[in-house]
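Single-structure report; data block below.
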Amino acid sequence: MARNPLQQLDVIKNASLQNRKITDCYRLLYNHLLWEHVLYNQQNKTRLNHIEIELLCCALRKGDFLTITSSLRRLKALMNVIKIVLLTIYPPYDRRYRNCAVYDDVHEALFHLRRVFPAVTWYIEGTIQEGNEQPLLLEFLAKKIDDRRFLALLSVVFEWEKQYFSDKTPLLSICINCYLQQLDQLIVPLQQQSNHIYYVRCHSHFRIGVVGRKLVAKHILKSIKSEEIVQISLQIRHVTDSSRFHQYDMLAKRHPKTRLYFMKYLIPYYEMKRFIQLKGYGI
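Here our numbering runs 876 ahead of the position in the sequence shown, where the first position is 1.
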């Protein structure tokens, strides 16, 4: 393992590009030089001093996770360091192809759906089955990361994210994007064969729209299932059928005058109630 953590990140990146197993991820985490590099440009609210960094490195070396969770600032700092390692192993790629878009923000994805999907006739809705994300993602990561302690730490961090950050789970979202890259790359050649296929994804939710016959949607569904991308719930729907995209119900309505379709979004009552309780409105 290289003494310079940046050199070690290059070693990990090259090994990943060559489809070799990645090791020593966890040992890299308690290198204080990596922490200083990652946190150097952080805001003062999340930046740690040298004493705190040394304390965290010692805690990681000993496997003492209680020291990390005792401070939210420390936990956020750890998540930023793990993020750098994950993005080195699974480098981001250009996620904007023709008629294909992958978004990190739900509202940007909804805006894209509203602009594109009124032209769609049939679509495939899909998402990772709820409750199966963590074991599915850890099993997927283990195919490339041969580091038991690093995977165990990720499992714990996923639980921390749900406990401390509610709906915002950055590391879990990164791992979901890594997992669904295989689906993104599968759709691109299908779009090259036809100009009437649209693909939109945000985190674990995606829509594959087809302008034309239902038979085309069935062919795409068969292609996805043949790739054995497991634990993904898939269903073919007509554009006028109501479906859920993250916290929103979406369906296409026909304008009474122009007779053209437009997308309509509805927020379920229980989602509004949860949001009101979360923000403390009316108290």
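For every residue, glycine included, the Cβ atom is placed at its ideal position computed from N, Cα and C.
**OP:** Spell out a yes or no on whether the segment 930 to 948 and the segment 899 to 918 are touching, meaning 3 or more CB-CB pairs, one atom from each, closer than 8 angstroms.
**Re:** Output reads yes: the segment 899 to 918 touches the segment 930 to 948.
Original post:
Q884 CB to nearest chain D CB: under 8 angstroms?
Top reply: This model lacks chain D altogether, as it is built from one protein chain only.
**OP:** Quick one: using the 10 Å Cβ neighbour count with 16 as the cut-off for buried, is L1070 buried or exposed?
**Re:** Reading off the sequence shown, one finds Ser at residue 1070, where the question assumed Leu. Residue burial is scored here from C-beta neighbours: S1070 has fewer than 16 other C-beta atoms within 10 angstroms and is therefore classed as exposed.
Original post:
In whole angstroms, what separates the C-alpha of I1096 from that of L1110?
Top reply: About 11 angstroms.
**OP:** Go to L1060, then tell me how far its alpha helix (DSSP H) extends in each direction, as first and last residue.
**Re:** A small correction: the amino acid at residue 1060 is Asp; Leu does not occupy that position in the sequence shown. Segment 1046 to 1069, the alpha helix (DSSP H) holding D1060.
Original post:
Does the pairing of the segment 1011 to 1026 with the segment 1084 to 1093 give three or more beta-carbon distances under 8 angstroms?
Top reply: Contact fails: fewer than three Cβ-Cβ distances are below 8 angstroms.
Subject >> Cβ pair count under 8 angstroms reaching 3, the segment 947 to 964 against the segment 1030 to 1050 >> reply: Touching, yes.
**OP:** Determine the direct distance from the alpha carbon of F1026 to that of F1082, and round the result to whole angstroms.
**Re:** Between F1082 and F1026, the C-alpha separation is close to 29 angstroms.
**OP:** May I ask you to report which of helix, strand or coil DSSP gives I1004?
**Re:** Here I1004 sits in strand by DSSP.
**OP:** Select from N1053, P968, Q1123 the residue whose C-alpha is nearest the C-alpha of R1150.
**Re:** The shortest C-alpha separation from R1150 is found at Q1123.
Original post:
How about L954 and I944: are their beta carbons less than 8 angstroms apart?
Top reply: Contact check for L954 against I944 passes: the beta carbons are separated by less than 8 angstroms.
Subject >> Nearest-angstrom beta carbon gap, V1032 and F1121 [assumed within contact, 8 angstroms] >> reply: That belief does not hold up - the Cβ atoms of F1121 and V1032 are roughly 30 angstroms apart, past 8 angstroms.
Original post:
Which residue or residues does DSSP assign as beta-bridge partners of Q883?
Top reply: Under DSSP, no beta-bridge partner is assigned to Q883.
Original post:
According to DSSP, what are the bridge partners of K1140?
Top reply: Paired residues: L1127.
Original post:
Which same chain residues, not among the five before or five after P1144, have their C-beta less than 7 angstroms away from its C-beta?
Top reply: Taken in chain order, the residues that qualify are D1125.
Original post:
L882 to V1087, Cα distance in whole Å?
Top reply: Taken atom to atom, the span from the alpha-carbon of L882 to that of V1087 is near 47 angstroms.
Original post:
Can you tell me whether DSSP reads V1110 as helix, strand or coil?
Top reply: The displayed chain sequence assigns Leu, not Val, to residue 1110. Reduced to three states, the DSSP call for L1110 is strand.
Subject >> Three CB pairs or more closer than 8 angstroms across the segment 1128 to 1146 and the segment 984 to 994 >> reply: Counting Cβ pairs under 8 angstroms, three or more are found: they touch.
**OP:** Can you tell me which of E1006, Q1068, D1060 puts its alpha carbon nearest to the alpha carbon of I1100?
**Re:** Among E1006, Q1068, D1060, the Cα nearest to that of I1100 is on D1060.
Subject >> Inter-residue CB distance, Q1058 and E1001 (contact presumed, cutoff 8 angstroms) >> reply: Not quite, the Cβ-Cβ distance comes to about 18 angstroms (not below 8 angstroms), so this is no contact.
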